[in-house]
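Undergrad:
There are 2 protein chains.
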Amino acid sequence: MTVRSRARTRALEDTCAIARSLGVLADPWSFLIIRETLFGRRTFAEFRDSLGIATDVLTDRLGVLVEHGVLQKVPYRAPQQRTRWAYEPTPAGHDLNIVLAALQQWGAAHLPRNELTVVPTSAQSGHPLRVAFVDTEGRSVSQGDAQFSSTARSDIEADPDRRSS
Amino acid sequence: MTVRSRARTRALEDTCAIARSLGVLADPWSFLIIRETLFGRRTFAEFRDSLGIATDVLTDRLGVLVEHGVLQKVPYRAPQQRTRWAYEPTPAGHDLNIVLAALQQWGAAHLPRNELTVVPTSAQSGHPLRVAFVDTEGRSVSQGDAQFSSTARSDIEADPDRRSS
DNA sequence: AAGGCTAGATTGGCATTGCCAACTCAGTCT
DNA sequence: AGACTGAGTTGGCAATGCCAATCTAGCCTT
Numbered sequence: 001m002t003v004r005s006r007a008r009t010r011a012l013e014d015t016c017a018i019a020r021s022l023g024v025l026a027d028p029w030s031f032l033i034i035r036e037t038l039f040g041r042r043t044f045a046e047f048r049d050s051l052g053i054a055t056d057v058l059t060d061r062l063g064v065l066v067e068h069g070v071l072q073k074v075p076y077r078a079p080q081q082r083t084r085w086a087y088e089p090t091p092a093g094h095d096l097n098i099v100l101a102a103l104q105q106w107g108a109a110h111l112p113r114n115e116l117t118v119v120p121t122s123a124q125s126g127h128p129l130r131v132a133f134v135d136t137e138g139r140s141v142s143q144g145d146a147q148f149s150s151t152a153r154s155d156i157e158a159d160p161d162r163r164s165s
Numbered sequence: 166m167t168v169r170s171r172a173r174t175r176a177l178e179d180t181c182a183i184a185r186s187l188g189v190l191a192d193p194w195s196f197l198i199i200r201e202t203l204f205g206r207r208t209f210a211e212f213r214d215s216l217g218i219a220t221d222v223l224t225d226r227l228g229v230l231v232e233h234g235v236l237q238k239v240p241y242r243a244p245q246q247r248t249r250w251a252y253e254p255t256p257a258g259h260d261l262n263i264v265l266a267a268l269q270q271w272g273a274a275h276l277p278r279n280e281l282t283v284v285p286t287s288a289q290s291g292h293p294l295r296v297a298f299v300d301t302e303g304r305s306v307s308q309g310d311a312q313f314s315s316t317a318r319s320d321i322e323a324d325p326d327r328r329s330s
């Protein structure tokens, strides 16, 4: 039985969208589970084996991610195999890719390791991409030009071409 | 005395930059402390009062953030006041703004609350900004065009809708 | 139809982290 | 000197995480 932790509940009810996002994602594993979906992993066993996460924690994290619409649990059957469950990213899950990319960009820049690394690239051109602030015309703006200011919710509703579908 | 947790250590030594970033940041409070710096908070007491975080946890989190170069502890003295400590964001700390903005964008879109919120805007024009993937020329590309590929192997897809069978 | 196999959890025991309140300590100010 | 106060520390306890062992329900074989 899943009982939502106090910390998650507090965060999820926050008026700040950052805090609510963290209510779903701020633990040692959730982001890494999403990362694994980028490499095509979908099943309980794949997550367990690639991450080395304790199975009870994995059960709980998958439940939280499904509950908040990041993943969707769908039956799946390979030929000659029994039915299994796959945890497929939803559109909301796909929208986390840019958060992961931003984290990757930051870690590569500020916690370097001189190792092989994975970078976002354009599927069309194959050229590398980066994560940046862009203005309403889609042109990137320097990091220093970005400031946070409060506004009403309706102002951010317009979200033109962010989602693919 | 601060002893680094096993989970942080494991993550910080990962070859994946996402995992290393999470080694510094993946807990219920670190991102929120960084968020508070966006609103000008700098001192122990300001973080404690605005976040309601337990003081022992705050001590530990500030230590971790200083240790990894996100914040810098500097003496600070207001007129007619005793010397106090301020935790100032470093350049690495400022670079986290885009991660926070990405989280805010995701939470506003997928965990809506119809509340006042804070959005990134251009300091120059005052127009709203958003976080996007951009190509080498600084033009935004659609989320669907972004895939993750390793610098060594280019066969890892970000697009999760294709599963081999 | 019975039995075995195995993916996907669940459970128990212990370690780590988080939370709260009370307490300490060291500069400042009077 | 003595009081004040910002910035932590400490102690007790609850919650979460980790690991190994165990359970369960579909599916397959016989």
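Just so you know, the protein sequences line up as chains A and B, in that order.
Oh and the first sequence: position 132 is 132 in the working numbering, straight run, nothing missing.
If you want the working numbering, it's the position in the second sequence, counting the first as 1, plus 165.
The beta-carbon is built from N, C-alpha and C at its ideal position, and this holds for glycine as well.
Note down, in chain order, every chain A residue with its Cβ under 7 Å from the Cβ of W271 (chain B).
TA: Residue numbering aside, residue 271 (chain B) sits at position 106 when the second sequence is read from its first letter. Residues of chain A passing the Cβ test: S21, D95, L96 and V99.
Undergrad: Span of the alpha helix (DSSP H) holding Q270 (chain B)?
TA: The residue given as residue 270 (chain B) occupies position 105 in the second sequence. First-last of the alpha helix (DSSP H) with Q270 (chain B): N262 to H275.
Undergrad: Between the region 26 to 54 of chain A and chain B, which residues of the former have a C-beta closer than 8 Å to a C-beta of the latter?
TA: Here the close residues are A26, D27, P28, F31, L32, R35, T37, L38, F39, G40 and R42.
Undergrad: Quick check on the burial criterion: 16 or more other C-beta atoms within 10 angstroms. Buried or exposed for G205 (chain B)?
TA: Your numbering for residue 205 (chain B) matches position 40 in the second sequence. So G205 (chain B) counts as exposed.
Undergrad: Can you list, in chain order, the residues of its chain with a C-beta nearer than 7 Å to that of R173 (chain B)? Leave out the 5 residues immediately preceding and following it.
TA: Walking along the second sequence from the start, residue 173 (chain B) turns up at place 8. Excluding sequence neighbours, R173 (chain B) sits near G188.
Undergrad: Would you verify that the beta carbon of T117 (chain A) is, or is not, closer than 9 Å to some beta carbon of chain B?
TA: Position 117 of the first sequence holds residue 117 (chain A). By this cut-off, T117 (chain A) is an interface position.
Undergrad: For the region 231 to 239 of chain B against the region 253 to 260 of chain B, do three or more pairs of beta-carbon atoms, one drawn from each stretch, fall closer than 8 Å, so that the two count as touching?
TA: Flag = yes, the region 231 to 239 of chain B and the region 253 to 260 of chain B touch.
Undergrad: Please list, in chain order, all residues of the same chain as V296 (chain B) whose beta carbon is under 8 Å from its beta carbon, the five residues on each side excluded.
TA: Reading the second sequence from its first residue, position 131 is the one you call residue 296 (chain B). Closer than 8 Å at the Cβ level, and outside the excluded window around V296 (chain B), lie I263, A266, A267, Q270 and P285.
Undergrad: Does A86 (chain A) come out as helix, strand or coil in the three-state DSSP assignment?
TA: By one-based count along the first sequence, residue 86 (chain A) stands at place 86. DSSP places A86 (chain A) in strand when its eight states are reduced to three.
Undergrad: I need the DSSP call for V299 (chain B), collapsed to helix, strand or coil.
TA: If you number the second sequence from 1, residue 299 (chain B) lands on position 134. If DSSP states are grouped into helix, strand and coil, V299 (chain B) belongs with the strands.
Undergrad: Run down chain A in chain order and give the residues with a C-beta less than 9 Å from the C-beta of P254 (chain B).
TA: Taking the first residue of the second sequence as 1, we reach residue 254 (chain B) at position 89. By Cβ distance, chain A contributes nothing, its closest Cβ being about 12 Å from P254 (chain B), past 9 Å.
Undergrad: Whole angstroms are fine: how far does the CA of D145 (chain A) sit from the CA of H259 (chain B)?
TA: Counting from 1 along the second sequence, the entry for residue 259 (chain B) is found at position 94. Counting from 1 along the first sequence, the entry for residue 145 (chain A) is found at position 145. Answer to the nearest angstrom: the Cα atoms are 12 Å apart.
Undergrad: Would you mind listing the alpha helix (DSSP H) stretches within the region 32 to 88 of chain A that are 4+ residues and don't spill past its ends, in chain order?
TA: Listed in chain order, the complete alpha helix (DSSP H) runs (minimum 4 residues) inside the region 32 to 88 of chain A are 44 to 51 and 55 to 67.
Undergrad: Below 7 Å CB to CB, which residues in the same chain sit around L32 (chain A) once its five sequence neighbours on both sides are set aside?
TA: Position 32 of the first sequence, counted from the start, is the residue given in the question as residue 32 (chain A). If we look at L32 (chain A) and ignore the five residues flanking it on each side, its Cβ neighbours are L51.
Undergrad: Which residues of chain B have a Cβ atom closer than 7 Å to the Cβ of V141 (chain A), listed in chain order?
TA: On the first sequence, residue 141 (chain A) is found 141 positions in, with the first residue counted as 1. Simply S287 and L294.
Undergrad: Suppose contacts are defined by Cβ-Cβ distances below 9 Å. Is S140 (chain A) in contact with G228 (chain B) by that definition?
TA: Mapped onto the first sequence, residue 140 (chain A) falls at position 140. Mapped onto the second sequence, residue 228 (chain B) falls at position 63. For S140 (chain A) and G228 (chain B), no; Cβs fall outside 9 Å.
Undergrad: Among B:D225, B:R226 and B:E201, whose alpha-carbon lies nearest the alpha-carbon of D214 (chain B)?
TA: Position 49 of the second sequence, counted from the first residue, corresponds to residue 214 (chain B). D214 (chain B) has its Cα closest to that of B:E201, out of B:D225, B:R226 and B:E201.
Undergrad: Between which two residues does the beta strand (DSSP E) containing P120 (chain A) stretch?
TA: As a working note, residue 120 (chain A) is residue 120 in the first sequence. Segment V118 to S122, the beta strand (DSSP E) holding P120 (chain A).
Undergrad: Is DSSP giving S30 (chain A) helix, strand or coil here?
TA: For the purposes of this step, residue 30 (chain A) is taken as the residue at position 30 of the first sequence. Of the three classes helix, strand and coil, the one that applies to S30 (chain A) here is helix, per DSSP.
Undergrad: Go through its chain and collect everything with a Cβ distance to S170 (chain B)'s Cβ below 7 Å, but skip five positions before and after it.
TA: Within the second sequence, residue 170 (chain B) is the residue found at index 5, counting from 1. So the list is empty, once near-sequence residues are dropped.
Undergrad: For H127 (chain A) versus D221 (chain B), is the C-beta spacing smaller than 9 Å?
TA: As a position in the first sequence, residue 127 (chain A) is number 127, starting the count at 1. As a position in the second sequence, residue 221 (chain B) is number 56, starting the count at 1. No, the pair does not count as a contact, with Cβ atoms beyond the cut-off.
Undergrad: DSSP state of S140 (chain A), grouped into three classes?
TA: Counting from one through the first sequence, the residue named residue 140 (chain A) turns up at place 140. Three-state DSSP puts S140 (chain A) in a strand.
Undergrad: Who are the Cβ neighbours of A152 (chain A) in its own chain at under 8 Å, not counting the five residues just before and after it?
TA: Along the first sequence, one-based indexing puts residue 152 (chain A) at 152. No answer about A152 (chain A) holds up, because its pLDDT of 49 lies below 50 and its placement is not dependable.
Undergrad: Would you say G69 (chain A) lies against chain B (beta-carbon separation less than 9 Å)?
TA: Reading the first sequence from its first residue, position 69 is the one you call residue 69 (chain A). With 9 Å as the cut-off, G69 (chain A) counts as an interface residue toward chain B.
Undergrad: List the residues of chain B whose Cβ lies closer than 7 Å to the Cβ of D145 (chain A), in chain order.
TA: Numbered from its first residue, the first sequence carries residue 145 (chain A) at position 145. Within 7 Å Cβ-Cβ: S287, A288 and Q289.
Undergrad: Among all the DSSP beta bridges, which residues are the ones paired with P293 (chain B)?
TA: Locating residue 293 (chain B) in the second sequence gives position 128, counting from the first residue. Beta-bridge pairing links P293 (chain B) to B:T286.
Undergrad: CB-CB under 8 Å to D14 (chain A), same chain, minus the five flanking residues each way: which ones, in chain order?
TA: Counted from its first residue, the first sequence places residue 14 (chain A) at position 14. Within the same chain, D14 (chain A) has close Cβ partners R20 and G23.
Undergrad: Please state if the CB of I199 (chain B) and the CB of L261 (chain B) are separated by a distance shorter than 9 Å.
TA: Along the second sequence, read from residue 1 onward, the residue named residue 261 (chain B) stands at position 96. Along the second sequence, read from residue 1 onward, the residue named residue 199 (chain B) stands at position 34. Yes, the pair counts as a contact, with Cβ atoms nearer than the cut-off.
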